[in-house]
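**Student:** Going down the list, the sequences are from chains A and B.
Using my numbering, the letters of the first sequence map in sequence onto residues 1 to 305.
Using my numbering, the letters of the second sequence map in sequence onto residues 1 to 305.
All C-beta atoms in this analysis are idealised placements derived from N, C-alpha and C, irrespective of residue type, glycine included.
Here it is: the structure, laid out below.
There are 2 protein chains.
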Amino acid sequence: MSDIAASVEWIAVDWGTTNLRAWAMAGARVLEAAAKPLGMGALKRNEFEPALLGTIGAWLADGRTVPVVACGMVGARQGWVEAPYVQAPSLPLDARRFTEVATDDRRIAVTIVHGMSQIDPPDVMRGEETQLAGFLALEPGFSGTACLPGTHSKWATLGRDRIAGFRTFMTGELFALLRDQSILRHSVGDETEADDGAFAEAVTEGGAAPGALAAWLFSTRAQGLLGTLRPAEALGRISGLLIGMEVCAMRAAWIERPLVLIGAPALCDRYSRALTLLGARPPAVIDAERCTLAGLAAAHRFLAV
Amino acid sequence: MSDIAASVEWIAVDWGTTNLRAWAMAGARVLEAAAKPLGMGALKRNEFEPALLGTIGAWLADGRTVPVVACGMVGARQGWVEAPYVQAPSLPLDARRFTEVATDDRRIAVTIVHGMSQIDPPDVMRGEETQLAGFLALEPGFSGTACLPGTHSKWATLGRDRIAGFRTFMTGELFALLRDQSILRHSVGDETEADDGAFAEAVTEGGAAPGALAAWLFSTRAQGLLGTLRPAEALGRISGLLIGMEVCAMRAAWIERPLVLIGAPALCDRYSRALTLLGARPPAVIDAERCTLAGLAAAHRFLAV
Numbered sequence: 001m002s003d004i005a006a007s008v009e010w011i012a013v014d015w016g017t018t019n020l021r022a023w024a025m026a027g028a029r030v031l032e033a034a035a036k037p038l039g040m041g042a043l044k045r046n047e048f049e050p051a052l053l054g055t056i057g058a059w060l061a062d063g064r065t066v067p068v069v070a071c072g073m074v075g076a077r078q079g080w081v082e083a084p085y086v087q088a089p090s091l092p093l094d095a096r097r098f099t100e101v102a103t104d105d106r107r108i109a110v111t112i113v114h115g116m117s118q119i120d121p122p123d124v125m126r127g128e129e130t131q132l133a134g135f136l137a138l139e140p141g142f143s144g145t146a147c148l149p150g151t152h153s154k155w156a157t158l159g160r161d162r163i164a165g166f167r168t169f170m171t172g173e174l175f176a177l178l179r180d181q182s183i184l185r186h187s188v189g190d191e192t193e194a195d196d197g198a199f200a201e202a203v204t205e206g207g208a209a210p211g212a213l214a215a216w217l218f219s220t221r222a223q224g225l226l227g228t229l230r231p232a233e234a235l236g237r238i239s240g241l242l243i244g245m246e247v248c249a250m251r252a253a254w255i256e257r258p259l260v261l262i263g264a265p266a267l268c269d270r271y272s273r274a275l276t277l278l279g280a281r282p283p284a285v286i287d288a289e290r291c292t293l294a295g296l297a298a299a300h301r302f303l304a305v
Numbered sequence: 001m002s003d004i005a006a007s008v009e010w011i012a013v014d015w016g017t018t019n020l021r022a023w024a025m026a027g028a029r030v031l032e033a034a035a036k037p038l039g040m041g042a043l044k045r046n047e048f049e050p051a052l053l054g055t056i057g058a059w060l061a062d063g064r065t066v067p068v069v070a071c072g073m074v075g076a077r078q079g080w081v082e083a084p085y086v087q088a089p090s091l092p093l094d095a096r097r098f099t100e101v102a103t104d105d106r107r108i109a110v111t112i113v114h115g116m117s118q119i120d121p122p123d124v125m126r127g128e129e130t131q132l133a134g135f136l137a138l139e140p141g142f143s144g145t146a147c148l149p150g151t152h153s154k155w156a157t158l159g160r161d162r163i164a165g166f167r168t169f170m171t172g173e174l175f176a177l178l179r180d181q182s183i184l185r186h187s188v189g190d191e192t193e194a195d196d197g198a199f200a201e202a203v204t205e206g207g208a209a210p211g212a213l214a215a216w217l218f219s220t221r222a223q224g225l226l227g228t229l230r231p232a233e234a235l236g237r238i239s240g241l242l243i244g245m246e247v248c249a250m251r252a253a254w255i256e257r258p259l260v261l262i263g264a265p266a267l268c269d270r271y272s273r274a275l276t277l278l279g280a281r282p283p284a285v286i287d288a289e290r291c292t293l294a295g296l297a298a299a300h301r302f303l304a305v
């Protein structure tokens, strides 16, 4: 038996569309981490258990059943087992709506956390409810807005330990489509570093005249054609226009209210710059993985009750 | 010699990214039309002349040279021969900036019409300057706005027979990307008919809160997931949001000003509905092909001078 297998108490799993990430846990302490590019999007239903065992197998031992708590797109309709949505407003976690998964391997007892839905405006999340639960466990009593930038950015209104409501912006997906698939790909080329000045200028434009997005974007292409825009500037403009629009549209959620950004440092930095350019105080930033782990630990504590 | 070859005086060519369309002309009268899916995007430089001859060959006869006047992306940098941009504000056509193409076949004398550019905001067009020239030939003295809906919609301010300025919205390209490549493709499926009611509602939303585009789009996906939105409604919403944003952003160009739509009937009908929903008077609609032909005829008359 490996050292980890001897001391692991439970296993935390963040299983998204693209990646599977797992942590061997003792209470709230991480013993070891593992990750594979085996997201929900790449797996058929009967491939989830082998993918999980291939990732966490070294932490398991015969004759012992370890609880595995998973959140994210693994619980979507196209995932391993469909987990229900809890409807906002709600506490972020509701153990009555967790879903147990029957596995062939008796060494694991898998539980998938529910997603969260909202009727008006219609919205859904899977995984972020767990991050928000983790954030509220780390910052109990927080009242304000949490923004989780990403492919599908979430803005959640938090208070009294509950998610009062939320809104999703597919800003990251739009950015990737425009950069990789649209006519703007010719202006961006292989560039990966966005120009700061172009980003800042575009944040202001996107915020001030969001309806003209499709025109600002084409204008970026035209400027590239006319030879007066570098690829890094084109990239900065696309990013700035989209993030500026989003941040401006959510102004009521951050003006004169506490705001926290939960996400990857580089992306949080961009949102933070956009926010301050548009008049917000510099927001607090908290690492997404820390929140995910705290949320999965909270979910695990519910199971132990 | 075919009947056409005996009577053709010149050949009009609209050569875009996707299609090559040609007309055998006697003065302003069409003798015959031909089209092939041999757009600029599919051709290498040495393939343009064979593609053209394969389309118009039946109209040619030995011992005679017929003028061919072409507009559109055929004059782009990746086209047959790069034609310059004329800078707006300007008359739509400037014969001094037409580009002659050297051909191997002596039966044709090919001229490519210039494009049009603008410095602030940066913008370009290729082909629409010819359609606008044609429109102004059909409606001399028109003062107002012409909107040419399409993959890259153009809004041009016209007066004193000139193009005072223009703005391009990549609305059609965004629509296609969202429908075919984004997560929304799951909500649309194979549906091709947009629901009228969903379109109308989304036009109003897109116009009223354009900054929330990325959120309205995701909300459409969420409504699909929650089972309360049909594919035709999803398609109507995406179209309505984008067109509503565009039309609203161009309000200053149509409110209390004459507006004409130049384009394909189905798309013009959508723009017309969006315009009237947002408070415009029903705009005049004129067929794009009629304008293209009138514009190419105007270009041909310049050559004959």
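So does the region 48–61 of chain B actually touch the region 9–20 of chain B, counting three or more Cβ pairs closer than 8 Å?
**Tutor:** yes
**Student:** From E205/A, R185/A, G240/A and G207/A, pick the residue whose C-alpha is nearest to that of G224/A; which is it?
**Tutor:** On the first sequence, position 224 is the one that residue 224/A refers to. Relative to the Cα of G224/A, the nearest Cα in the group E205/A, R185/A, G240/A and G207/A belongs to R185/A.
**Student:** Roughly how many angstroms lie between the CA atoms of G127/B and L93/A, to the nearest whole one?
**Tutor:** Within the second sequence, the letter at position 127 stands for residue 127/B. Within the first sequence, the letter at position 93 stands for residue 93/A. For the pair G127/B and L93/A, the Cα-to-Cα distance works out to about 57 Å.
**Student:** Return the residue from the list M40/B, G279/B and W59/B that minimises the CA-CA distance to A34/B.
**Tutor:** Here residue 34/B refers to the residue found at position 34 when the second sequence is read from its first residue. Out of M40/B, G279/B and W59/B, W59/B has the C-alpha closest to the C-alpha of A34/B.
**Student:** Once you ignore the five residues that flank T151/A on each side, which residues in its own chain have a CB closer than 6 Å to its CB?
**Tutor:** Here residue 151/A is taken as the residue at index 151 of the first sequence, counted from 1. Excluding positions up to five away in sequence, the list reads G172 and E173.
**Student:** Just list the residues that DSSP pairs I4/A with in beta bridges.
**Tutor:** Locating residue 4/A in the first sequence gives position 4, where the first residue counts as 1. Looking at the DSSP assignment, I4/A forms no beta bridge with any residue, so it has no partner.
**Student:** Provide the residue span of the alpha helix (DSSP H) that contains A274/B, from first to last.
**Tutor:** In the second sequence, the residue the question calls residue 274/B occupies position 274. It spans P265 to L277 - the alpha helix (DSSP H) in which A274/B sits, taken as one unbroken run.
**Student:** If the criterion is Cβ atoms closer than 8 Å, does the pair S272/B and P283/B meet it?
**Tutor:** Counting from 1 along the second sequence, the entry for residue 272/B is found at position 272. Counting from 1 along the second sequence, the entry for residue 283/B is found at position 283. Closer than 8 Å, so yes.
**Student:** Find the nearest neighbour of R160/A within the set T145/A, R45/A, G141/A and T65/A, judged by alpha-carbon distance.
**Tutor:** Sequence index remark: in the first sequence, residue 160/A carries index 160 (1-based). Measuring from the Cα of R160/A, the nearest candidate turns out to be G141/A.
**Student:** Would you grab the beta carbon distance between M245/A and L213/B for me? Rounded to a whole angstrom, and I think it's under 8 Å.
**Tutor:** If you number the first sequence from 1, residue 245/A lands on position 245. If you number the second sequence from 1, residue 213/B lands on position 213. Between L213/B and M245/A the Cβ distance is about 7 Å, and since that is below 8 Å, they are a contact.
**Student:** Mind listing which residues of the region 172–190 of chain B have their C-beta closer than 7 Å to chain A's C-betas, in chain order?
**Tutor:** E173, L174, L177, Q181, S182 and I183
**Student:** Looking at E100/B and T111/B, is the spacing between their C-beta atoms short of 8 Å?
**Tutor:** What you label residue 111/B is simply residue 111 of the second sequence in a count that begins at 1. What you label residue 100/B is simply residue 100 of the second sequence in a count that begins at 1. Taking 8 Å as the Cβ cut-off, T111/B and E100/B qualify as a contacting pair.
**Student:** So that I know if they touch, is there some Cβ in chain B lying closer than 8 Å to that of L225/A?
**Tutor:** Indexing the first sequence from 1 puts residue 225/A at position 225. At least one chain B Cβ lies under 8 Å of L225/A.
**Student:** Please compile the residues from chain C whose C-beta is within a distance smaller than 9 Å of the C-beta of V124/B.
**Tutor:** Within the model displayed, chain C is absent; protein chains A and B are what it includes.
**Student:** G75/A and H114/A look like a contact to me (Cβ under 8 Å); what is the Cβ gap, rounded to whole Å?
**Tutor:** Indexing the first sequence from 1 puts residue 75/A at position 75. Indexing the first sequence from 1 puts residue 114/A at position 114. Contact holds; Cβ gap of about 7 Å.
**Student:** Using a threshold of 8 Å, state whether the C-beta atoms of M170/A and I183/B are closer than that.
**Tutor:** Here residue 170/A corresponds to residue number 170 of the first sequence, with the count starting at 1. Here residue 183/B corresponds to residue number 183 of the second sequence, with the count starting at 1. Yes, they are a contact pair.
**Student:** So if DSSP puts L259/A in a beta bridge, which residue, or which two residues, is it bridged to?
**Tutor:** Looking up residue 259/A in the first sequence gives position 259. BP columns for L259/A point to T145/A.
**Student:** Can you check whether the C-beta of L31/A is within less than 8 Å of a C-beta belonging to chain B?
**Tutor:** Locating residue 31/A in the first sequence gives position 31, counting from the first residue. False, the Cβ-Cβ gap to chain B never drops below 8 Å.
**Student:** Report yes or no: is there a C-beta of chain A within less than 8 Å of the C-beta of E139/B?
**Tutor:** Stepping through the second sequence from its first residue, residue 139/B is reached at position 139. False, the Cβ-Cβ gap to chain A never drops below 8 Å.
**Student:** What residues in its chain sit with their C-beta under 7 Å from that of W155/B, if we drop five residues either side in the sequence?
**Tutor:** Residue numbering aside, residue 155/B sits at position 155 when the second sequence is read from its first letter. The residues are T145, C147, F166, R167, M250 and A253.
**Student:** Using CA coordinates, which residue listed in M116/A, R64/A, V66/A and G189/A is at the minimum distance from E82/A?
**Tutor:** Counting from 1 along the first sequence, the entry for residue 82/A is found at position 82. The shortest Cα separation from E82/A among M116/A, R64/A, V66/A and G189/A belongs to M116/A.
**Student:** Hey, quick one: how far does the beta strand (DSSP E) through S239/B stretch, first residue to last?
**Tutor:** As a first step, residue 239/B must be located in the second sequence, where it is residue number 239. No beta strand (DSSP E) holds S239/B; the alpha helix (DSSP H) holding it covers P231 to A249.
**Student:** Indicate the three-state DSSP secondary structure (helix, strand or coil) for E139/A in the structure shown.
**Tutor:** In the first sequence, the residue the question calls residue 139/A occupies position 139. Note: E139/A maps to coil in three-state DSSP.
**Student:** Can you tell me whether DSSP reads E49/A as helix, strand or coil?
**Tutor:** Along the first sequence, one-based indexing puts residue 49/A at 49. Looking at E49/A - three-state DSSP - the assignment turns out to be helix.
**Student:** Any beta carbon from chain B within less than 8 Å of A35/A's own beta carbon?
**Tutor:** By 1-based counting over the first sequence, the position of residue 35/A is 35. Closer than 8 Å: no.
**Student:** According to DSSP, is G189/B part of a helix, a strand, or is it coil?
**Tutor:** The residue you call residue 189/B lines up with position 189 of the second sequence. If DSSP states are grouped into helix, strand and coil, G189/B belongs with coil.
**Student:** How close, in whole Å, do the beta carbons of V260/A and I238/A come, if the pair is a contact with beta carbons under 8 Å?
**Tutor:** On the first sequence, residue 260/A is found 260 positions in, with the first residue counted as 1. On the first sequence, residue 238/A is found 238 positions in, with the first residue counted as 1. For V260/A against I238/A, the beta-carbon gap comes to about 26 Å, at or over 8 Å, which does not count as contact.
**Student:** Return no unless some Cβ of chain B is closer than 8 Å to the Cβ of G75/A.
**Tutor:** Locating residue 75/A in the first sequence gives position 75, where the first residue counts as 1. No, because no Cβ of chain B sits closer than 8 Å to the Cβ of G75/A.
**Student:** Expressed to the nearest angstrom, what Euclidean distance is found between the alpha-carbon atoms of L38/A and A102/A?
**Tutor:** Taking the first residue of the first sequence as position 1, residue 38/A is located at position 38. Taking the first residue of the first sequence as position 1, residue 102/A is located at position 102. Computed Cα separation, rounded: 20 Å.
**Student:** Applying the criterion that 16 or more other CB atoms from any shown protein chain within 10 Å of the CB defines a buried residue, is P203/A buried or exposed?
**Tutor:** For this step, residue 203/A is matched to residue 203 along the first sequence. Here the sequence assigns Val to residue 203/A, which means Pro is not the residue at that position. With at least 16 other beta carbons inside 10 angstroms of its own, V203/A counts as buried.
**Student:** Using Cβ-Cβ distances below 8 Å, what residues of the region 246–269 of chain B are close to chain A?
**Tutor:** Those residues of the region 246–269 of chain B that come within reach of chain A (Cβ to Cβ, closer than 8 Å) are E246, C248 and A249.
**Student:** Please report the straight-line C-alpha distance between K44/B and R77/B, rounded to a whole angstrom.
**Tutor:** Residue numbering aside, residue 44/B sits at position 44 when the second sequence is read from its first letter. Residue numbering aside, residue 77/B sits at position 77 when the second sequence is read from its first letter. Spanning the two alpha carbons is a distance of roughly 12 Å.
**Student:** Of the residues that make up the region 43–59 of chain A, which ones have a beta carbon closer than 8 Å to any beta carbon in chain B?
**Tutor:** none
**Student:** Counting only the same chain and skipping the five closest in sequence on each side, list residues whose C-beta sits under 8 Å from that of Q118/A.
**Tutor:** On the first sequence, position 118 is the one that residue 118/A refers to. Closer than 8 Å at Cβ, skipping near neighbours: Q87, A88, V124, G165 and F166.
**Student:** Whose Cβ in chain B lies nearer than 7 Å to the Cβ of H114/A?
**Tutor:** Working through the first sequence from its first residue, we reach residue 114/A at position 114. Neighbours of H114/A on chain B: none; closest Cβ ~14 Å, over 7 Å.
**Student:** I need the DSSP call for F98/A, collapsed to helix, strand or coil.
**Tutor:** Numbered from its first residue, the first sequence carries residue 98/A at position 98. In this structure, F98/A counts as coil in the three-state DSSP scheme.
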